[in-house]
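If you use the numbering used here, the sequence shown corresponds to residues 10 to 263, in order.
The beta-carbon is built from N, C-alpha and C at its ideal position, and this holds for glycine as well.
A quick write-up on the structure given underneath.
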Amino acid sequence: MPNLKYYESFDWSSFKDSSSNFKIIAQLIPEDVNSILDIGCGNGLITNELAKKYQVVGVDRSKAALKFVKGDKIEASCDSVPVEDQSFDMVLSSELLEHLDAPTFEKTVNELKRIAKKYILIGVPNQESLNKGNIQCPKCYTIFHRCYHQQNFSIQKFEKLFPDYIVLDSKTCGINVRIYKDSIANIKQKLTPAKAWIPYYWAKKGERNAHCPKCDTAFEYEFKFNPIALVMDSINILLTKKIPFHMVVLMEKK
């Protein structure tokens, strides 16, 4: 996850369309929900829409992002939210959990459980192959996910993370993306240079800017053809399928 300085300087006005995710989220909200805490709300694209119907409070660690949230909001980290236990009918987290390191992730999951009176609604990448997105900083050589993802998810993982909850419903959405087997990705990354890890068609020109989470270096990662990488990608295509990129899961406390 990028540091707070980088997160604070992000151009939050560039996030303008949440229509697909919002439609799925709105469809899954139970009828008996009145109050919602949106943890990791960013610039409030979803929060502001939900506020038209529900009592919603947005939570984010970025002052810059919260400027776009029109209603009630709290500046706080997702792993320590200053609200009372079971104080909201539903806790929402969309496009947040996948970015968290292990300690922060564990604390945040506990916060979701603590705050939710009845429901938890989570939106995350669907069975993402994390190794598929790895890039390397050219300065300190740190390997990290190009979108700063550190967690991946499945329905089975949710059942383990939330044993006191039952999965009421789940929906997938977004473009279809190919699963990448970790075993093949590991071989590819051992035998080929970092510039060959992500093919051009997975990272369009103009969308390849990165910021190293360790040394704070900004750079653009380039793609360079490599025959071994091509072989690994071809083998993976033969062995895997495409699935919708995003997953939204509704859980109810037992």
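Is it the case that the Cβ atoms of residue i and residue j are separated by a distance below 7 Å?
i: V265; j: A73; result: With the chain covering 10 to 263 only, the question about residue 265 has no answer from this structure.
i: L177; j: L121; result: no
i: Q271; j: F114; result: Residue 271 is absent from the structure shown; the chain starts at 10 and stops at 263.
i: T226; j: C146; result: yes
i: G67; j: E104; result: no
i: K204; j: E229; result: no
i: K262; j: K127; result: yes
i: K223; j: C156; result: no
i: N43; j: D94; result: no
i: P112; j: G183; result: no
So residue i and residue j are in contact, right, with Cβ under 8 Å, and what is the actual spacing, rounded?
i: R70; j: S86; result: 5 Å
i: Y189; j: S138; result: 4 Å
i: T181; j: H255; result: 7 Å
i: K141; j: N185; result: With a Cβ gap of about 14 Å, K141 and N185 do not count as contacting.
i: K79; j: G53; result: 7 Å
i: A34; j: V257; result: Per the sequence shown, residue 34 should be read as Ile rather than Ala. Contact holds; Cβ gap of about 6 Å.
i: I152; j: A219; result: With 8 Å as the limit, I152 and A219 do not qualify as a contact, their Cβ atoms being about 12 Å apart.
With DSSP as the reference, label residue i as helix, strand or coil.
i: Q36; result: helix
i: R308; result: Lying before the first or after the last residue shown, residue 308 is absent from the chain, which here runs from 10 to 263.
i: K250; result: coil
i: A60; result: coil
i: D178; result: strand
i: G5; result: This structure does not reach residue 5, given that the chain is present from 10 up to 263, and the question cannot be answered.
i: E231; result: coil
i: I164; result: helix
i: D242; result: helix
i: F114; result: helix
i: H255; result: strand
i: I144; result: strand
i: N119; result: helix
i: H158; result: coil
i: E104; result: coil
Measuring only the C-alpha atoms, how far is residue i from residue j?
i: L170; j: R123; result: 13 Å
i: V118; j: S89; result: 11 Å
i: F234; j: K197; result: 13 Å
i: D242; j: H154; result: 18 Å
i: N57; j: L46; result: 12 Å
i: W206; j: A238; result: 7 Å
i: A60; j: L130; result: 16 Å
i: N195; j: I246; result: 16 Å
i: Q136; j: K62; result: 31 Å
i: E40; j: V92; result: 23 Å
i: T249; j: I193; result: 11 Å
i: D173; j: F167; result: 11 Å
i: P134; j: I244; result: 23 Å
i: I175; j: K199; result: 40 Å
i: P236; j: E216; result: 24 Å
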